[in-house]
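Beneath this line is the structure, given in structure tokens, with notes to follow.
In our numbering, the protein residues as written are 89 to 391.
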């Protein structure tokens, strides 16, 4: 990932055009750059573009770099963006103040090309490593789709969007039918193969980038469908059911095995009388009805 440095965006903020030009010449071959000549503009660009790193001059008219970083750290959208101060100040007190406010490093003027490159590169490597760690923490290691934590993060965000825009949101709670029997018959290693095959079939059933599949735990999986009513969710559920049913899962001895899935569907438009926990619970209740009524089917909550 880190080999493609142009994927990173750096916001350079300095009121002196010469400093901006020098930093631009040093960094533009490797990174995408945003340029600001004032603190207020820097805040606007940071909120709009979410750069990966900010190089921020300390001494600027109207709003100093110290004031800018305070405002950046007060906003959820920008408080995690690393800030490197660029400054001609050399006192320990100024450096201490910058670090206290949340800066990750200092680059002093006049600029040394090698030092600028090295310090920027170091902090972008740290960012890249942290993102990799965060990504792995949200992915199920067996099936390579999102895990429960990743799903809950996504659901929280989409629930907020649906509530603000008063649009429907749907979930599919899914359970592989008689999975314990499958495991007992073919062994746990083959059971893992079946779980991976299920995740692939479920993911293949989703047509939009916003649709989101995750492993809920064990043989339970879940799908989030933003801006989808019960009719649309039912269509996705049937597509998942059919794709799973038609999937061949070979064993190491080339025996073809099959699995089926039961699905509970719930759809609503969020309101002050609804909650995420209740939203999930009703999908789970619909799943129970699907299993009780014969498995290999879907049931929509309230129908």
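All C-beta atoms in this analysis are idealised placements derived from N, C-alpha and C, irrespective of residue type, glycine included. Source: prediction; values computed, not measured.
In DSSP terms, what residue i is bridged to
i           : result
residue 151 : Residue 151 is not bridged to any residue.
residue 298 : Residue 298 pairs with nothing; no bridge assigned.
residue 303 : 309
residue 120 : 97
residue 345 : 337
Environment of residue i [buried if 16+ CB atoms lie within 10 Å]
i           : result
residue 139 : buried
residue 343 : exposed
residue 363 : exposed
residue 186 : buried
residue 293 : buried
residue 168 : exposed
residue 365 : exposed
residue 221 : exposed
residue 95  : exposed
residue 148 : buried
residue 370 : buried
residue 357 : exposed
residue 336 : exposed
residue 334 : exposed
Continuous alpha helix (DSSP H) stretch holding residue i: start and end
i           : result
residue 291 : 276–292
residue 331 : 318–333
residue 257 : From DSSP, residue 257 is part of no alpha helix (DSSP H) but of the beta strand (DSSP E) over 257–264.
residue 202 : 201–225
residue 388 : Here residue 388 belongs to no alpha helix (DSSP H); instead the beta strand (DSSP E) covers 386–388.
residue 391 : No alpha helix (DSSP H) holds residue 391; DSSP gives it neither H nor E.
Residue of the options minimising C-alpha distance to residue i
i           : options               : result
residue 317 : 255, 202 and 136      : 255
residue 64  : 331, 326 and 210      : With the chain represented from 89 up to 391, any question about residue 64 goes unanswered, as that position is not in the structure.
residue 341 : 151, 330, 212 and 278 : 278
residue 231 : 205, 198, 280 and 275 : 280
residue 192 : 178, 245, 172 and 201 : 172
residue 164 : 136, 286 and 237      : 136
Start-to-end residues for the beta strand (DSSP E) that takes in residue i
i           : result
residue 354 : 349–356
residue 145 : 141–145
residue 174 : 171–175
residue 233 : Element bounds for residue 233: n/a, residue is neither H nor E.
residue 164 : Neither: residue 164 is in no beta strand (DSSP E) and is coded neither H nor E.
residue 396 : Residue 396 lies beyond the stretch modelled for the chain, which goes from 89 to 391, so this question has no answer here.
Any non-hydrogen atom of the ligand ZN closer than 6 angstroms to residue i Cβ
i           : result
residue 229 : Looking for the ligand ZN in the displayed structure turns up nothing, as the structure carries no ligands at all.
For the region 258–277 against the region 341–359, are there 3 or more C-beta pairs whose distance is under 8 angstroms? yes
Taking contact to mean 3 or more Cβ pairs, one atom from each stretch, closer than 8 angstroms, check whether the region 156–172 and the region 124–133 are in contact. Output reads yes: the region 124–133 touches the region 156–172.
Count Cβ pairs between the region 147–157 and the region 108–123 that sit closer than 8 angstroms; are there 3 or more? Fewer than three pairs of CB atoms, one per stretch, sit closer than 8 angstroms, so the region 147–157 makes no contact with the region 108–123.
Touching or not, the region 207–216 and the region 224–234, by the rule of three or more beta carbon pairs under 8 angstroms? no
Given 8 angstroms, three or more beta-carbon pairs between the region 293–304 and the region 269–276: no
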